[in-house]
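Since the structure comes first, as structure tokens, the remarks are kept for the end.
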Amino acid sequence: MGGLLHLLVTSFLLYFSRAEATSAVGVNYGQLGNNLPLPPDAVRLIKSRLSAGSVKLYDANPQILRALSNTGLEVCTMVPNELIANISADQALADRWVGSNIVPFYPVTRIRHVLVGNEILSDPNNRWFWLKLVSAMRRVQKALKKNQIRNVKVGTSMAIDTLELSSVYPPSNGSFRSDISGSVMKPMLQFLSETKSYLYFDPYPYFHWAKDPEKINLDYALLESKSIRYTDPGTGLVYTNLFDQMVDSMVFAMEKLGYPNIRILMAETGWPSSGDYDQIGANIYNAATYNRNLVKKLKARPPVGTPARPGQAMQGFIFALFNENQKPGPTTERHFGLLYPNGSRVYEIDLSGKAPSSGYELLPAPTNNKPYKGRIWCVVAPGSNNRTALEAALTHSCSQGNGTCEAIRPGKACHEPDSVLSHVSYGFSSYWAQFRKSGASCFFNGLATQTIKDPSHGSCKFPSVTL
Ligand SMILES: *[C@@H]1O[C@H](CO)[C@@H](O)[C@H](O)[C@H]1NC(C)=O
Ligand SMILES: *[C@@H]1O[C@H](CO)[C@@H](O)[C@H](O)[C@H]1NC(C)=O
Ligand SMILES: *[C@@H]1O[C@H](CO)[C@@H](O)[C@H](O)[C@H]1NC(C)=O
Ligand SMILES: *[C@@H]1O[C@H](CO)[C@@H](O)[C@H](O)[C@H]1NC(C)=O
Ligand SMILES: *[C@@H]1O[C@H](CO)[C@@H](O)[C@H](O)[C@H]1NC(C)=O
């Protein structure tokens, strides 16, 4: 009896320490691509090619949840933003959501987290339901409890801009934005603390560095620096990388609201492997370096933690599983994947933390770590030959801004050559030159690409962006 009990206890402990160690690093499975593998194939790749311990979804796609059953992978699912307002006011709706999106798959699919919305506190368009977020989280939690599901944590993902001025210099100055601090963050931290859940954070040293590459050292952002030290004047804590600074800024922001102990889980982090002329530092070398270093950090045993939380184990999900060709925004957004859609690796990486004994492959040297200086135009991408789509894009770009397409009208300097391709390229360049500052990308659903070769001809001058 004693022997059996001992055996049970031992295997119990072994089981849990193993589970904790294998799930430390996972991957975000986004689906904004029209060329991605089917869920069962994607799940096989997650296990066989990446050795990931966990997977995070942006919904509760039943095909994917089914494909993840009996795989041992831990799973994070998501309540879509659109449902938050209604769920916040309606327990029956929360019960139904859990009843149809969690209960049928649990526990053979090892669901461990439910995020209520994705970075909703970063989008002012969502402002009208910010105040409903925490009650929606509470209702989902209650619905899980009604079904005796006790080991699933409820939270929401948060970007660095939930902090005042997105400030991480110094980390001890971190505080939540004043428009959400008392009204949303304080009750949210109370909920996370009561339920022993996590603050789900999306730290991206890449974006922070790319905004200020002259001031922030690249190796410091890549978790690669051996010598740079930054001392927080407020605490005396010494930092050796930007990632720790970002995480600790969240720690100090929570502490200021009276919650110093809530664990932080990295819901997303990553580095793009390709970008355009105006997107510095997006290359395979940097992406591989950052993600490999991150895996090493999260898998280190004993855990290393951060300066404010030394020795604390951390889990994280790398963004992303695949390059997603339909993700809007700058080119980098479509190149965060660890795998190409055909399943082959963008670069070698093993999320279980075991680098091959011979070491990883040599990486191509980075070519775009310095800011590009010069003019850029936005033109029709090679291979874009869908006339209907091109004409629709031209109508769209010409309908915005000031005299955007004036120069291509009959009799004007850019009317000749009178071809769709030439006119659309002009429209793209003219539109982008006016709206890049307010966030427009040279993408147009994949029809456009940046060029540094001036498409102007004769007296026809194409508008450009100057960096
Ligand atoms: C939320 O509830 C309102 C009122 O019942 C309904 O009209 C709306 O369609 C619901 N929204 C969603 C996303 O289900
Ligand atoms: C600390 O943060 C506040 C805003 O929350 C800012 O005004 C101040 O300049 C910051 N201090 C330092 C040293 O960065
Ligand atoms: C997969 O796609 C990538 C990127 O398009 C390409 O470089 C690679 O050769 C492809 N691999 C296979 C096995 O087709
Ligand atoms: C061309 O573009 C139109 C409009 O975007 C789309 O509906 C259509 O399916 C496309 N055709 C092809 C062959 O891709
Ligand atoms: C168009 O012109 C108006 C008035 O001069 C100006 O306020 C606006 O910012 C311009 N729009 C763009 C996209 O340049």
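Residue numbers -21 to -1, 1 to 446, in mature numbering (1 follows the signal peptide of the UniProt record, and there is no 0), belong to the letters of the sequence shown in order. Backbone N, C-alpha and C fix where the C-beta goes; we use that ideal spot for every residue, glycine too.
Within 8 Å, strictly: CB atoms of residue i and residue j
| i | j | result |
| --- | --- | --- |
| GLY96 | LEU112 | yes |
| VAL4 | ILE263 | no |
| LYS35 | ALA246 | yes |
| VAL58 | LEU47 | no |
| GLY249 | PHE301 | no |
| TYR238 | LEU142 | no |
| residue 447 | GLY406 | No statement about residue 447 is possible, as the shown extent of the chain runs from -21 to 446 and does not include it. |
| TYR410 | SER376 | yes |
| GLN413 | GLY380 | yes |
| THR135 | MET116 | yes |
| VAL22 | THR56 | no |
| SER30 | ASP329 | yes |
| ARG354 | SER420 | no |
| THR285 | VAL226 | yes |
| PRO251 | ALA266 | yes |
| residue 529 | ARG118 | Lying outside -21 to 446, the shown extent of the chain, residue 529 is not represented and no answer is given. |
| ILE241 | LEU178 | yes |
| ILE81 | ILE128 | yes |
Exposure label - residue i; buried when at least 16 CB within 10 Å
| i | result |
| --- | --- |
| SER337 | exposed |
| ARG366 | exposed |
| GLY308 | exposed |
| VAL217 | exposed |
| LEU446 | exposed |
| VAL147 | buried |
| ILE431 | exposed |
| VAL399 | exposed |
| LEU201 | buried |
| THR88 | buried |
| GLY32 | buried |
| GLN429 | buried |
| PHE441 | buried |
Bridge partner(s) assigned by DSSP for residue i
| i | result |
| --- | --- |
| ILE241 | Bridge partners of ILE241: none, in fact. |
| GLN429 | CYS357 |
| ASP181 | ALA138 |
| CYS439 | HIS436 |
| VAL54 | VAL34, ILE90 |
| ILE297 | VAL6, THR248 |
| ARG324 | LEU318 |
| THR367 | DSSP lists no partner for THR367. |
| GLY284 | PRO289 |
| residue 476 | Residue numbering for the chain in the displayed model covers -21 to 446; residue 476 lies beyond these limits and cannot be assessed. |
is_contact[residue i, chain B] using C-beta, thresh 8 Å
| i | result |
| --- | --- |
| PRO149 | Judged by its chain identifiers, the structure shown contains no chain B, having just a single protein chain. |
If contact is defined by three or more beta carbon pairs under 8 Å, each pair taking one atom from either stretch, is the segment 375 to 394 in contact with the segment 350 to 359? no
Taking only runs of the beta strand (DSSP E) that begin and end inside the segment 209 to 275, which ones reach a length of at least 3 residues, in chain order? 242 to 248
For a minimum of 4 consecutive residues, which ranges assigned as the alpha helix (DSSP H) are wholly contained in the segment 82 to 161? 106 to 109, 112 to 125
Are three or more beta carbon pairs between the segment 417 to 434 and the segment 308 to 323 nearer than 8 Å? yes
Within the chosen definition, does the segment 208 to 215 reach the segment 265 to 280 through at least 3 CB pairs nearer than 8 Å? no
Meets three-Cβ-pair contact criterion under 8 Å: the segment 192 to 204 and the segment 124 to 138: no
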